[in-house]
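Asker:
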């Protein structure tokens with residue numbers, strides 16, 4: 176199966192499965208009720224969009240496996256994503272099924288198990304010594320990115336759109352720079368699935384949320400595939416590429432955690448500190464917030480690709496400077512917005 180076929184198969188599979196999942200969610204009353212002031216919707220919205228994404232992702236990779244030759248050892252890594260993803264999927268489904276969700280410690284425990292599975296199957300950081308430090312940073316990366324996409328999922332189109340853009344950026348890195356075949360197929364399958372879900376997420380008449388099922392799943396898969404690349408062929412700072420491409424959810428995580436902690440609140444308790452909700456409070460429309468976020472995500476993906484390609488160490492350093500200044504300007508603007 177070609178890369179483009181995998182992408183479109185995953186897209187159409189999700190596009191067809193999402194209405195079915197929406198119907199099931201409504202029948203079983205698996206709904207997101209607007210009981211918190213963080214919610215931006217007024218009526219209950221069905222969950223299970225994430226289930227459609229995950230099913231399409233798995234079916235696509237299964238068909239890819241049947242029709243494509245993989246280099247020796249590659250399938251071993253895919254098994255780690257497969258089994259770990261199932262654990263994350265189960266956690267998300269249970270959380271979406273329960274009216275008040277599950278406690279964050281239960282989620283955290285399941286995420287640790289899924290992360291350990293990835294490490295067991297060889298998906299880990301290999302450029303840091305000693306090994307125990309690399310092991311700890313690997314777990315932090317996997318669990319951090321998994322939850323970052325869940326944190327950012329507070330507005331229609333954010334998590335799925337950012338995921339799709341990041342996946343396309345990572346595909347270019349994996350295919351045309353490092354030739355990591357399993358990463359290429361995984362990110363294109365995930366990108367197609369997210370884009371197939373997006374029209375329903377943005378729709379007014381047939382709206383559906385991906386829920387924790389989808390947000391945790393896409394974050395987990397992205398955390399895994401970013402560990403599968405060899406980014407430092409041209410320069411040592413190439414290892415920053417995954418951070419650059421996934422900077423929006425990473426930034427969201429740090430912004431929320433710091434703002435909550437400075438007020439003496441737990442970083443695990445919901446609040447309106449999300450950048451999208453702050454922009455909404457400033458009077459900006461949801462559409463404009465979405466477009467600005469997408470454009471920023473595309474810009475960061477381009478920087479990430481150029482970061483890998485560069486053979487001059489000063490160019491990545493220049494990128495880091497640009498991003499640092501951008502973060503400072505954005506943060507200064509966001510913290511001045513009054514939220515009610």
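Residue numbers (our numbering): 176 to 515.
Even glycine gets a Cβ: it sits at the ideal position worked out from N, Cα and C.
Measure how close the beta-carbons of residue 371 and residue 245 come, nearest whole angstrom, since I'm counting them as under 8 Å.
Answerer: The Cβ separation is near 24 Å, so there is no contact.
Asker: Could you give the first and the last residue of the continuous alpha helix (DSSP H) run that contains residue 503?
Answerer: Here the alpha helix (DSSP H) through residue 503 covers 489-510.
Asker: Drop a sphere of 10 angstroms on the beta-carbon of residue 408, count the other beta-carbons inside from all chains shown, and report buried for 16 or more, exposed for fewer.
Answerer: Counting Cβ neighbours within 10 Å, residue 408 comes out exposed, since fewer than 16 surround it.
Asker: Candidates 318, 317 and 299: which alpha carbon is nearest residue 309's?
Answerer: Comparing Cα positions, the closest option is 299.
Asker: Specify whether the segment 380-392 and the segment 339-352 touch according to this definition: at least 3 beta carbon pairs, one from each stretch, less than 8 Å apart.
Answerer: The segment 380-392, when compared against the segment 339-352, does not touch it at the 8 Å Cβ threshold.
Asker: Relative to the C-alpha of residue 233, which residue among 192, 203 and 217 is closest?
Answerer: Of 192, 203 and 217, the residue nearest in Cα terms is 192.
Asker: Please name the residue in 501, 230, 250 and 196 whose C-alpha comes closest to that of residue 365.
Answerer: It is 230 whose Cα lies nearest to the Cα of residue 365.
Asker: Taking the alpha-carbon of residue 264 as reference, which of 481, 288 and 241 has the nearest alpha-carbon?
Answerer: Out of 481, 288 and 241, 288 has the C-alpha closest to the C-alpha of residue 264.
Asker: Given this structure, state the Cα-to-Cα distance separating residue 375 from residue 384, to the nearest angstrom.
Answerer: Between residue 375 and residue 384, the C-alpha separation is close to 8 Å.
Asker: Spatial neighbours of residue 199 within its chain, please: CB distance less than 7 Å, with the 5 preceding and 5 following residues excluded, ordered by chain position.
Answerer: These residues qualify, in order along the chain: 223.
Asker: Taking Cβ positions, are residue 207 and residue 220 nearer each other than 8 Å?
Answerer: Yes, they are a contact pair.
Asker: Is it true that the CB of residue 424 sits closer than 8 Å to the CB of residue 320?
Answerer: Contact flag set, yes.
Asker: Distance, Cα to Cα, residue 235 vs residue 437?
Answerer: Residue 235 and residue 437: Cα-Cα distance of roughly 44 Å.
Asker: Any idea if residue 586 is buried or exposed, counting beta-carbon neighbours within 10 angstroms, 16 or more meaning buried?
Answerer: Outside the shown range of the chain, which is 176 to 515, sits residue 586, and nothing can be said about it.
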